[in-house]
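Structure, as structure tokens:
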Amino acid sequence: MISCKTSEANYRAAYDKAVAARDAEDGKETIYGGEQRRLNQNFIISGNDTIPVNVKMVSVETEKGAPVPTLHKFMVVAGQFKQKFNAMSLCKRLVEAGYADAAVVRTAEPYYYVVASSFDKITEADSAMADLKKKAPVAMKDPVPFILRDPRK
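Residue 530 is where the sequence shown starts when you use the numbering used here, and the numbers rise one by one after that.
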């Protein structure tokens with residue numbers, strides 16, 4: 530009786546085939562890849578400061594039945610996620626930490642950003658971002674926190 534066992538050579542051949550297929554895509558990334566998540570970065574001059582602002586169209590995401598929060602022109606982002614559940618969880622932790630206006634916004638991909646606070650003036654947003662970095666009520670990894678602006682506002 531002959532058995533059909535996989536060998537190291539078979540695994541290697543399958544791996545090489547998968548790598549070749551990936552490389553044949555000409556470096557295109559998946560929908561969740563960096564190309565899709567890339568934000569257009571602008572700089573706003575405020576007095577003697579140059580403040581980086583990321584620009585991306587977003588829409589507010591809420592739990593079922595929850596009121597839709599009002600977001601202002603400049604949003605201070607404390608987290609970014611692929612999964613809505615993770616974004617909502619961080620938002621709840623921010624609310625518990627005293628950020629009552631925390632909200633979740635969604636991009637078209639979808640990709641979820643957790644907004645700690647939002648402001649009409651860039652100087653207020655920059656100050657709030659510095660305060661968020663200092664207090665660090667939740668764990669944050671680069672590139673957050675950052676200031677986000679929806680170009681439609």
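Idealized CB from N, CA, C, for every residue including glycine.
For clarity, every value in this text was computed on a predicted model and none was experimentally measured.
In the DSSP secondary-structure assignment, Asp578 is bridged to Ser575. By DSSP's assignment, Met604 forms a beta bridge with Ser647, Leu677. Val643 and Leu677 have their alpha carbons spaced roughly 10 angstroms apart. Sequence-distant Cβ neighbours of Val597 in its own chain, meaning closer than 6 angstroms and more than five residues away, are Val589, Thr591. Excluding residues up to 5 positions away in sequence, Phe610, Lys613, Ala616, Val633, Arg635 lie with their Cβ nearer than 6 angstroms to the Cβ of Tyr641 in the same chain. Taking C-alpha positions only, Val587 is separated from Ala637 by approximately 7 angstroms. Between Pro666 and Val606, the C-beta gap is not smaller than 7 angstroms, which leaves the two residues out of contact.
Lys663 sits exposed, since fewer than 16 C-beta atoms from the chains shown fall within 10 Å of its C-beta. Sequence-distant Cβ neighbours of Ser647 in its own chain, meaning closer than 6 angstroms and more than five residues away, are Leu600, His601, Met604. With distances taken between CA atoms, Glu653 lies nearest to Asp578 out of Lys621, Arg541, Asp578.
Around the beta carbon of Gly608, a 10 Å sphere encloses 16 or more other beta carbons of the protein chains shown; the residue is thus reported as buried.
Gly627 has its alpha-carbon roughly 15 angstroms from the corresponding atom of Ala668. Excluding sequence positions up to five before and after Gln570, its CB lies within less than 8 angstroms of the CB of Pro581, Val582, Asn583, Val584, all in the same chain and listed in chain order.
The beta-bridge partner set that DSSP reports for Phe610 consists of Tyr641.
When DSSP states are grouped into helix, strand and coil, Ala542 belongs to the helix group.
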